[in-house]
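Student:
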Amino acid sequence: MKTIVLTHDLCAEHIVPRGHPERPARIQAVLKAFEDDALKGIPHRTAPRALLEDIERVHSKEMVADIMERIPSEGIESLDADTCVSAQSGEAALHAAGAAIAAVDVLIKGDGEHVFCAVRPPGHHAEPGRSMGFCLFNNIAVAALYARDKYGIDRIGVVDFDVHHGNGTQAAFEQDANLFYASTHETPLYPGTGARHESGIDGNIVNEPLEPGADGKDFRKAFENRILPELDRFRPQLLLVSSGFDAHARDPLAHLQLEESDFAWAGERLAERARESETGAMVSVLEGGYDLFALRESVAAYIKAIM
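Numbering (the working numbering), first residue to last: 14 to 320.
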């Protein structure tokens with residue numbers, strides 16, 4: 014699939030306390046992945062700034078206003094025990110969501126078949142009424158509702174292979190049968206949601222938890238036995254992927270044992286489904302991944318497989 018990268022310099026200006034895992038060096042590691050000889054020709058584009066009305070398709074006006082008002086002019090302010098903001102965090106978050114929105118535009122206009130959004134802060138923990146888990150706005154959910162409103166794409170699917178459950182995306186989707194969310198994730202682990210019985214409306218939510226220590230074989234089995242069959246049943250017109258790479262064996266925040274080849278395998282399987290969809294295209298949005306070497310190598314393997 015022809016791939017384009019969307020990113021923005023401000024994503025590296027979302028400053029966090031020293032020792033925080035969701036640090037600016039993550040973006041540098043991801044962009045370094047594209048120095049691989051096989052990926053050097055991929056075009057990079059600057060992500061636009063999302064409008065507040067785009068964010069408010071998912072999040073309450075009160076929540077959006079509260080976050081933007083709490084952006085400090087200097088220093089760092091904590092929104093909760095895990096989530097903080099600094100002077101450029103609001104703009105970084107708006108450009109992160111703007112990347113996901115622009116990715117939809119790129120695909121619908123036929124400029125590419127796959128867009129990778131190299132952005133931070135991540136998004137899948139942000140619920141309609143609150144930010145949490147390093148996330149300010151839910152980038153992928155914002156893109157989904159934009160695709161519906163702007164282009165009339167009714168059936169939109171999100172697959173999430175981040176090691177943590179995307180409680181925010183599930184919360185945004187679970188009462189809308191035309192939005193599909195499927196997740197593999199470690200349990201028990203933050204944020205404590207994502208049980209198998211959480212199935213939304215008409216089965217539009219599919220959770221396949223993995224036990225600590227599960228490896229690539231377990232991950233692939235979860236995809237082949239449940240995630241992909243349910244995605245095929247739903248038949249999305251557009252596929253979006255929450256691409257978190259913290260299920261890697263080297264990652265410090267969890268206990269799964271995936272390797273780069275497992276992310277490549279998932280990318281290949283998802284690209285196959287995307288090509289069969291009405292749009293024939295796919296958006297990937299960066300979520301977690303906190304070991305810098307594993308993040309760089311996993312992103313490279315994932316993109317190569319999709320291409």
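Ideal Cβ placement from N, Cα and C applies to all residues, glycine included.
Alpha carbon to alpha carbon, how far is Glu35 from Glu272?
Tutor: Walking along the sequence shown from the start, residue 35 turns up at place 22. Walking along the sequence shown from the start, residue 272 turns up at place 259. The alpha-carbon atoms of Glu35 and Glu272 are separated by roughly 20 Å.
Student: In terms of DSSP beta bridges, what is Asn220 paired with?
Tutor: Indexing the sequence shown from 1 puts residue 220 at position 207. Partner(s): Ser196.
Student: Less than 8 Å between the CB atoms is what I'm expecting for Arg83 and Val98, so what's the real figure, rounded?
Tutor: Within the sequence shown, numbered from 1, the residue matching residue 83 stands at position 70. Within the sequence shown, numbered from 1, the residue matching residue 98 stands at position 85. The pair is a contact, with the Cβ atoms about 6 Å apart (cut-off 8 Å).
Student: So what does Leu4 bridge to, in DSSP terms?
Tutor: Residue coverage of the chain in this structure runs from 14 to 320, which leaves residue 4 outside it and unanswerable.
Student: Where do the N-terminal and C-terminal ends of the beta strand (DSSP E) with His127 fall, by residue?
Tutor: Position 114 of the sequence shown holds residue 127. 127-131 is the span of the beta strand (DSSP E), which, as asked, contains His127.
Student: Count the other CB atoms, across all protein chains shown, that sit within 10 Å of the CB of Gly226; report buried if there are 16 or more and exposed otherwise.
Tutor: Here residue 226 refers to the residue found at position 213 when the sequence shown is read from its first residue. Its Cβ having fewer than 16 others within 10 Å, Gly226 is exposed.
Student: Mapping the DSSP letters down to three states, classify Val18 as helix, strand or coil.
Tutor: If you number the sequence shown from 1, residue 18 lands on position 5. Val18: strand per DSSP, three-state reduction.
Student: Given a threshold of 16 other Cβ atoms within 10 Å of its Cβ, counted over all protein chains shown, does Leu269 qualify as buried or as exposed?
Tutor: Mapped onto the sequence shown, residue 269 falls at position 256. By the 10 Å Cβ count, Leu269 comes out buried.
Student: In the DSSP output, which residue or residues are listed as bridge partners for Gly170?
Tutor: What you label residue 170 is simply residue 157 of the sequence shown in a count that begins at 1. Partner(s): Phe193, Leu252.
Student: Let me make sure I understand the geometry here. Which of Ala195, Ile166, Ser311 has the alpha-carbon closest to that of Arg246?
Tutor: Mapped onto the sequence shown, residue 246 falls at position 233. Closest by alpha carbon: Ala195.
Student: Contact between the region 44-59 and the region 165-177: three or more CB pairs below 8 Å?
Tutor: No, because fewer than three Cβ pairs between the region 44-59 and the region 165-177 fall closer than 8 Å, the two stretches do not touch.
Student: My output table needs one value for His57: the three-state DSSP class, helix, strand or coil.
Tutor: Numbered from 1 along the sequence shown, position 44 holds the residue referred to as residue 57. Residue state, collapsed to three classes: strand.
Student: In chain order, what are the residue ranges of uninterrupted alpha helix (DSSP H) at least 4 long that sit wholly in the region 23-72?
Tutor: You should have 38-46, 65-68.
Student: Could you pull the DSSP bridge partners for Arg143 from this structure?
Tutor: As a first step, residue 143 is located in the sequence shown; it is residue number 130 there, counting from the start. Arg143 is bridged to Glu140.
Student: Could you tell me which whole alpha helix (DSSP H) segments of length 4 or greater appear in the region 75-129?
Tutor: 102-121, all fully within the region 75-129.
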